[in-house]
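Structure first, then comments.
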Amino acid sequence: MTAAPTATEVASAVRSGTVRAATVLEGHLAAIDAAEAGIHAFNLVTREQARSDAAAVDAAVDAGHDPGLLAGVPVALKDNLCTRGVPTTCSSAILAGWRPPYDATVVTRLRRAGAVVVGKTNMDEFAMGSSTETSATGPTRNPHDLDRVPGGSSGGSAAAVAAGFAPIALGSDTGGSIRQPAALCGVVGMKPTYGTVSRYGLVAFASSLDQVGPFARSVADAALCFDVIGGHDEADSTSLNRPTPRVLSVLDDGVEGMTVGVLAEFLDGADPVVVARARAAAEALAAAGARVEEVSVPEVALALSAYYLIAPAEASSNLARYDGVRFGLRVDADDTVAMNTATRSAGFGAEVKRRVMLGTYALSAGYMDAYYGKALRVRTLIIEGFARAYQRCDVLLGPTTPTTAFPLGAKVGDPLSMYLSDVCTIPTNLAGHPAISVPFGTDDAGLPVGVQLLAPALAESTLFRAAAVVEAAAPDGSGRGGGTT
Amino acid sequence: MTDGWHLVIGLEVHCELRTETKLFCGCRNMFGDEPNTNVCPVCLGLPGSLPVLNQRAVELAMAIGTALHCDIRPSTFHRKNYFYPDQAKDYQISQYDEPINVDGWLELPDGFRVRIERAHMEEDTGKTTHAGASGRIHGADYSLVDYNRSGVPLVEIVSAPDLRDAAQARAYATELRAILVASGASDGKMEEGSMRVDANVSVRRSPDAPFGTRCEIKNLNSVRSLGRAIEYEAERQITLLEAGEAVEQQTRHWDETAGRTETLRSKEEAYDYRYFREPDLVPVVPDPEWKAAVADTLGLMPAQRRARLTELLGQGTDAVDGRRDQVATVVDLGLDDLVVEAAAAGVPVTLALARTANEAATDAEAARRLDLGAYVALLTMEAAGSLSATQSKAVLGELLAAGGGDPAVIARAKGFEAMSTDSLTATVAEAVAAEPDAWARYRDGEDKLAQVFVGRVMKATRGQANGKAVVAELQRLRG
Numbered sequence: 129m130t131a132a133p134t135a136t137e138v139a140s141a142v143r144s145g146t147v148r149a150a151t152v153l154e155g156h157l158a159a160i161d162a163a164e165a166g167i168h169a170f171n172l173v174t175r176e177q178a179r180s181d182a183a184a185v186d187a188a189v190d191a192g193h194d195p196g197l198l199a200g201v202p203v204a205l206k207d208n209l210c211t212r213g214v215p216t217t218c219s220s221a222i223l224a225g226w227r228p229p230y231d232a233t234v235v236t237r238l239r240r241a242g243a244v245v246v247g248k249t250n251m252d253e254f255a256m257g258s259s260t261e262t263s264a265t266g267p268t269r270n271p272h273d274l275d276r277v278p279g280g281s282s283g284g285s286a287a288a289v290a291a292g293f294a295p296i297a298l299g300s301d302t303g304g305s306i307r308q309p310a311a312l313c314g315v316v317g318m319k320p321t322y323g324t325v326s327r328y329g330l331v332a333f334a335s336s337l338d339q340v341g342p343f344a345r346s347v348a349d350a351a352l353c354f355d356v357i358g359g360h361d362e363a364d365s366t367s368l369n370r371p372t373p374r375v376l377s378v379l380d381d382g383v384e385g386m387t388v389g390v391l392a393e394f395l396d397g398a399d400p401v402v403v404a405r406a407r408a409a410a411e412a413l414a415a416a417g418a419r420v421e422e423v424s425v426p427e428v429a430l431a432l433s434a435y436y437l438i439a440p441a442e443a444s445s446n447l448a449r450y451d452g453v454r455f456g457l458r459v460d461a462d463d464t465v466a467m468n469t470a471t472r473s474a475g476f477g478a479e480v481k482r483r484v485m486l487g488t489y490a491l492s493a494g495y496m497d498a499y500y501g502k503a504l505r506v507r508t509l510i511i512e513g514f515a516r517a518y519q520r521c522d523v524l525l526g527p528t529t530p531t532t533a534f535p536l537g538a539k540v541g542d543p544l545s546m547y548l549s550d551v552c553t554i555p556t557n558l559a560g561h562p563a564i565s566v567p568f569g570t571d572d573a574g575l576p577v578g579v580q581l582l583a584p585a586l587a588e589s590t591l592f593r594a595a596a597v598v599e600a601a602a603p604d605g606s607g608r609g610g611g612t613t
Numbered sequence: 128m129t130d131g132w133h134l135v136i137g138l139e140v141h142c143e144l145r146t147e148t149k150l151f152c153g154c155r156n157m158f159g160d161e162p163n164t165n166v167c168p169v170c171l172g173l174p175g176s177l178p179v180l181n182q183r184a185v186e187l188a189m190a191i192g193t194a195l196h197c198d199i200r201p202s203t204f205h206r207k208n209y210f211y212p213d214q215a216k217d218y219q220i221s222q223y224d225e226p227i228n229v230d231g232w233l234e235l236p237d238g239f240r241v242r243i244e245r246a247h248m249e250e251d252t253g254k255t256t257h258a259g260a261s262g263r264i265h266g267a268d269y270s271l272v273d274y275n276r277s278g279v280p281l282v283e284i285v286s287a288p289d290l291r292d293a294a295q296a297r298a299y300a301t302e303l304r305a306i307l308v309a310s311g312a313s314d315g316k317m318e319e320g321s322m323r324v325d326a327n328v329s330v331r332r333s334p335d336a337p338f339g340t341r342c343e344i345k346n347l348n349s350v351r352s353l354g355r356a357i358e359y360e361a362e363r364q365i366t367l368l369e370a371g372e373a374v375e376q377q378t379r380h381w382d383e384t385a386g387r388t389e390t391l392r393s394k395e396e397a398y399d400y401r402y403f404r405e406p407d408l409v410p411v412v413p414d415p416e417w418k419a420a421v422a423d424t425l426g427l428m429p430a431q432r433r434a435r436l437t438e439l440l441g442q443g444t445d446a447v448d449g450r451r452d453q454v455a456t457v458v459d460l461g462l463d464d465l466v467v468e469a470a471a472a473g474v475p476v477t478l479a480l481a482r483t484a485n486e487a488a489t490d491a492e493a494a495r496r497l498d499l500g501a502y503v504a505l506l507t508m509e510a511a512g513s514l515s516a517t518q519s520k521a522v523l524g525e526l527l528a529a530g531g532g533d534p535a536v537i538a539r540a541k542g543f544e545a546m547s548t549d550s551l552t553a554t555v556a557e558a559v560a561a562e563p564d565a566w567a568r569y570r571d572g573e574d575k576l577a578q579v580f581v582g583r584v585m586k587a588t589r590g591q592a593n594g595k596a597v598v599a600e601l602q603r604l605r606g
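Protein chains in written order, with this note's numbering: chain Z, 129 to 613; chain D, 128 to 606.
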């Protein structure tokens, strides 16, 4: 079992001409062939297009051109990122076979940097779930234990990186959908500041919360990918028109002089082993010169309730367009309304229907202020609570998830317990702040544990510096290089 | 029928903005193109697409707000959620509780001011055609949707319920249309749907009584329909009330052919639009400099344009009173600049106004594109007597058809060579000689007998002579 190369290693070797992109790709395709059947990380492996893209990268190198920062790096894309001419399904029957006529901005940026897209990864349907079990194409399994979930909703991307199918994958994080599966699969997962990565071409779940971010097997690879995909995009009105922090260059700057706040609310209710790992990571930061203290942001206890009003409310509107009229599934019926109903009844799974109904109710006349309006006010309180903590601290630290990976089927019948697995990740989405999950040891069963670092808006540089220190102190077997080729 | 009853009317006018591109994407904003050719992922509502606000549309909305004396405010967009096949995303992006323009007014030509509650931005829907006997969605065999109109920028102008009869509502719609055209925001074409009017109508027993229950009337495709629909609807409500029944709050559809309104949906069936802030867009906050720049580029409004012509004609004279319709016509059609320019070049105002209101107005669209210099040159020739009125009108027809040209060249080509003074003198002398009795009476002061000689000269010259020049020659001969 040899450790799969990191994206940094691949790009460096391909750019210098010592390794062919085609060779790198075939190594990863072989890994997919060997293990994908048991994992189901992908909805689609785009083998032929990947081969032609890798050949183009090699041709560029041969011609003396620099293909870019991600030259020849295989990347996997969550199946809610639009890819021109390539099916984009959101793991939903309602979009089965739909081929977007355009690429998402992040996909364009990856390709321009020389990345080679190997496929579209499985996910919870429309990113609604925390285990990748709500997918219409069946669940993804955790590469560390095939009887356990990889987390979700970007479970396929997390599993693909953990299994060595690609050094980098993109996911989307609405309430923890990058960080939670990253923690459960033992890889790095990062959610950027809202507005730093374009959402153009990301199929919307909850527009005010969604953000695209990277999975990788190292903090440096995640930083490299963030530098490539970040930056202003005119096609996304919520994209910040200001310089995006470049993080790769500050990775080794250390944490001396930083204040790290261990967030008490995230420790409450978490498994003892997870709490112990988080505390150990804090000690590592202290050992590297950071000041560590306990902080409390009581408002985050309200986050889950607010999130399950705001996200479904926006989703109920965002998912209205799947009506059978213009694209995707159509189930014919006698009139338009009956056709809409039949199409949506057949095309959406149970969790999507549950959230569309929740959101529709929360926005209804007479209930709007009591539910959606109140949730927005709670959101403001959470932002104020974090602002208070960040007056004292540069970063906050806690577990990414309360538990390690749970068995398949364990929570599908109990939505509330499933929702609770995002209790530590949701507050950051409501605040719009960046956060990252870094693998930090395992539980007694050898399952990965993730430690989460949080920072204020646009403080990605601080976040990545702290993450690099935590990564360097992580016990052996924390997941880094967990994949094989 | 309306004896003893008073009407209360408020109008909601949707106006398509004359932008190059749509409100949230780069697709062409063009009426009449091949269906579904001006479309992209954004205006088709494809998954993953996002709206980006068209700055030009904001400027035109601000121009409308300025022209209607509104307060232009920081504003936000909301989603109005409802399912309909021509609504690409199954929600419409519209402004809700924070519209860009609020609290303005519009002054009718008679001086009555109608309060404007708001004028907000929103996107248009696609256009559905239902195949089948009824032309409506119920019972259609199938429906076709053209998304070229999806995402076309609209401003919805909501008046206060200040209008009191159908004539006043018509005057409001006419004046608003002229303002929209003058501000450059819209072409105001009701027949192409670029201006659409909905009317809220209620009746009450006295002008001081609380408002009655209102009905909203849709599908009013002309100013004439608006008037007819209001009159019909008021009668319908009065009949109900006089029979002791209640008016139910409804949305009603105007059937132009049948000349009546029909129930579209009742209050109970009204949609719950579940408005919430559009998370894909950021607030629009026009700064004072931007507002000032928009106000600076705003041309004269119809009221100012009418005043300008009235002033040229001379205040308080019969000349003004007799020409109100001509003044209104040229301003409504956006042709008043032709009159003003001609007058500035020395053409008599009454002549310029008459030619513009009577002849140029017959093809207003061509007239708006007409080369001003050519028009002024033509009227100068007519005023100087080198072309007759008949000839001048014929040349104008050519100019309008061609969009311009040299009127002198056109006149020559048509054989309208101005008669030389010598040949006119000779022809008049022949006419005088042929009518000795009439000449004697004319010489004694019977001016109207000039027509006898003018008629003879015209006959002899096959209409080529200038009537005014003939009269001038007669007066010279009379001494």
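No residue lacks a Cβ here, since even glycine has one placed at the ideal position from N, Cα and C.
Residue j and residue i - do their beta-carbons sit closer together than 8 Å?
{"i": "Z/S549", "j": "Z/Q308", "result": "yes"}
{"i": "D/Y274", "j": "D/A215", "result": "yes"}
{"i": "D/L460", "j": "D/A491", "result": "yes"}
{"i": "Z/I357", "j": "Z/V325", "result": "yes"}
{"i": "Z/S282", "j": "D/L177", "result": "no"}
{"i": "D/G426", "j": "D/A312", "result": "no"}
{"i": "Z/P228", "j": "D/G253", "result": "no"}
{"i": "Z/G292", "j": "Z/A533", "result": "no"}
{"i": "Z/S259", "j": "Z/G280", "result": "yes"}
Excluding five sequence neighbours on each side, which residues of the same chain lie with their C-beta closer than 7 Å to the C-beta of residue i?
{"i": "Z/A559", "result": "I510, I511 and F514"}
{"i": "D/M128", "result": "The predicted model places D/M128 with a pLDDT of 47, which falls under 50 and marks its position as unreliable; any figure quoted below should be read in that light. Closer than 7 Å at Cβ, skipping near neighbours: E362 and I365."}
{"i": "Z/V597", "result": "G382, V383, A412, L413 and A416"}
{"i": "D/R496", "result": "G530"}
Within its chain, find whatever has a CB closer than 6 Å to the CB of residue i; leave out the 5 residues flanking it on each side and keep chain order.
{"i": "Z/R148", "result": "D186"}
{"i": "Z/A406", "result": "G526, P527 and V579"}
{"i": "Z/T471", "result": "G452, L457, R458 and V459"}
{"i": "Z/P603", "result": "G569"}
{"i": "Z/S615", "result": "Residue 615 of chain Z falls outside the range modelled here, since chain Z spans only 129 to 613, and no answer is possible."}
{"i": "Z/H360", "result": "S367 and N369"}
When you compare each of the options to residue i by their alpha carbons, which one comes out closest?
{"i": "D/R291", "options": "D/Y299, D/A529 and D/Y223", "result": "D/Y299"}
{"i": "D/A610", "options": "D/R570, D/T390, D/T588 and D/A528", "result": "Limits of chain D in this structure are 128 at one end and 606 at the other, which puts residue 610 of chain D out of reach."}
{"i": "Z/L413", "options": "Z/A429, Z/V401, Z/P440 and Z/V383", "result": "Z/V383"}
{"i": "Z/T531", "options": "Z/R374, Z/V402 and Z/L223", "result": "Z/V402"}
{"i": "D/H247", "options": "D/A190, D/R570 and D/V169", "result": "D/A190"}
Using C-beta distances below 8 Å, list every residue in its chain close to residue i, excluding the 5 sequence neighbours before and after it, in chain order.
{"i": "D/Y400", "result": "K207, N208 and Y209"}
{"i": "Z/A563", "result": "R307, M318, K319, T553, T556, Q580, L581, L582, A583 and L591"}
{"i": "Z/T136", "result": "S346, A348, D349 and L352"}
Can you tell me the Cβ-Cβ gap for residue i and residue j, rounded? I've got them flagged as a contact below 8 Å.
{"i": "D/T458", "j": "D/P429", "result": "Before going on, a small fix: residue 458 of chain D reads as Val here, not Thr. Indeed they touch by this definition, with Cβ atoms about 5 Å apart."}
{"i": "D/I199", "j": "D/I220", "result": "With a Cβ gap of about 20 Å, D/I199 and D/I220 do not count as contacting."}
{"i": "Z/L172", "j": "Z/K248", "result": "5 Å"}
Use the C-beta contact count for residue i: other C-beta atoms within 10 angstroms, 16 or more gives buried, fewer gives exposed.
{"i": "D/E147", "result": "exposed"}
{"i": "D/T366", "result": "exposed"}
{"i": "Z/T130", "result": "Confidence in Z/T130 is poor, its pLDDT being 46 and thus under 50, which makes the residue's placement too unreliable to answer from."}
{"i": "D/L134", "result": "buried"}
{"i": "Z/G611", "result": "With a pLDDT of 43 at Z/G611, under the threshold of 50, the modelled position of that residue is not reliable, and the figure given next carries that caveat. When all chains shown are included, Z/G611 counts as buried."}
{"i": "D/D130", "result": "exposed"}
{"i": "Z/H193", "result": "exposed"}
{"i": "D/S333", "result": "exposed"}
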